[in-house]
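Novice: I have a structure here, written as structure tokens, and I will follow up with some questions on it.
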Amino acid sequence: DGNEKYKFDRSDAANSPVWNVSWCPTRDDELLLAAVDWGQKLTLYQATGAKQTGKERKLGFDPCALSWLVKDAYKQESRAEYILIGGANRECTIYSREGFKLGTVCTQDAWVWCCCAKPDGSAVAVGTTNGFIGMYDVKFGVVHGIHKDRYAYRDNMTDVIVHHLTTDQKVKVKCRELVRKIATYKTTLA
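Every letter in the sequence shown is one number past the one before it in this note's numbering, and letter 41, counting from 1, is 1376.
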């Protein structure tokens, strides 16, 4: 019926117009909303309770496009959620769901005005201000290491799972940035 359901108070709202918002498509229980503004920030909000989750992330460019990329959306426990942002930096960049920059999908000759992921998360389409439309494959390589009965592997690009193969115990290590390589030796993980 058009009634206001949630209102998010933003400290710098007058100087930072919101340019784009997008709901996380797989978080029905949390109702996670991503917002980008021309204060060059990415902010995540949890609608249940109308509160900000985590810190605002400084982008360093004016964002125009915002959408979600979900890998393995059909898997309840191992799906991965990422944020795509494009704008005045002429790039489509991928961020973790916590707002940490993971890498660049593509670089263009003009501002990236829109971007969206294929429903299965295998490709990203971008559109620019000079009329270009392009599609790019998105592949996440396997990063893992093993030493005797301990197997370590990357999870959701920013976490490491250490699996003790004989006891079947698993421990998650949150790294909060892109995990590029893993090395294991005895009781050491690098």
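Every residue gets a Cβ at the ideal spot worked out from N, C-alpha and C, and that includes glycine. Predicted model only: the values in this text are computed from it and were never measured.
Cα separation between N1491 and A1415?
Specialist: Answer to the nearest angstrom: the Cα atoms are 5 Å apart.
Novice: Given a cut-off of 7 Å on the beta-carbon distance, is the pair I1420 and V1478 in contact?
Specialist: No, the pair does not count as a contact, with Cβ atoms beyond the cut-off.
Novice: Pairing CB atoms from the region 1451-1460 with CB atoms from the region 1483-1498, are three or more of them under 8 Å?
Specialist: Contact fails: fewer than three Cβ-Cβ distances are below 8 Å.
Novice: Contact defined as beta carbons within less than 8 Å: I believe N1350 pairs with G1374. What is the distance between those atoms, to the nearest angstrom?
Specialist: Confirmed, Cβ separation roughly 6 Å.
Novice: Taking only three categories from DSSP, how would you classify V1514?
Specialist: Residue state, collapsed to three classes: coil.
Novice: Below 7 Å between beta carbons: does that hold for V1371 and L1401?
Specialist: It is a contact, given that the beta carbons lie within the stated cut-off.
Novice: In its own chain, which residues sit with a C-beta less than 8 Å from the C-beta of K1390, not counting the 5 before and 5 after it?
Specialist: If we look at K1390 and ignore the five residues flanking it on each side, its Cβ neighbours are G1434.
Novice: Within 10 angstroms of its Cβ, does I1481 collect 16 or more other Cβ (buried), or is it exposed?
Specialist: Answer is exposed; the Cβ neighbour count stays below 16.
Novice: Looking at C-alpha atoms only, which residue of C1427, G1466, R1432 is the closest neighbour of A1458?
Specialist: Cα-wise, what sits closest to A1458 is C1427.
Novice: Out of A1445, Y1341, F1475, G1456, which has the shortest C-alpha to C-alpha gap to G1466?
Specialist: Nearest option by C-alpha distance: A1445.
Novice: Below 6 Å CB to CB, which residues in the same chain sit around T1439 once its five sequence neighbours on both sides are set aside?
Specialist: Once the five neighbours on either side are set aside, the close Cβ partners of T1439 are E1426, T1428.
Novice: Quick check on T1522: does DSSP put it in helix, strand or coil?
Specialist: Coil.
Novice: Where does the unbroken beta strand (DSSP E) through M1470 begin, and where does it stop?
Specialist: Counting along the chain, the beta strand (DSSP E) containing M1470 begins and ends at 1468-1472.
Novice: For L1524 and V1495, which I take to be in contact (beta-carbon distance under 8 Å), what is that distance rounded to the nearest angstrom?
Specialist: Contact flag correct, Cβ pair sits at about 7 Å.
Novice: Once the 5 residues before and after K1406 are set aside, which same chain residues still bring their CB inside 6 Å of it?
Specialist: Closer than 6 Å at the Cβ level, and outside the excluded window around K1406, lie A1415, G1456.
Novice: If you measure between the beta carbons of A1369 and I1418, is that distance less than 7 Å?
Specialist: Contact flag set, yes.
Novice: Does DSSP put V1508 in a helix, a strand or coil?
Specialist: It is a strand residue.
Novice: Starting from the Cα of W1448, find the closest Cα among K1342, F1343, Y1341, N1355 and give me that residue.
Specialist: Nearest of K1342, F1343, Y1341, N1355 to W1448, Cα basis: N1355.
Novice: Can you name, in chain order, every residue of its own chain whose Cβ lies under 7 Å from the Cβ of T1442, other than the five neighbours on each side?
Specialist: Counting only Cβ-Cβ distances below 7 Å, and skipping sequence neighbours, we find R1425, E1426.
Novice: Between the alpha carbons of Y1341 and Y1430, how many angstroms are there, rounded?
Specialist: So the alpha carbons of these two residues sit roughly 25 Å apart.
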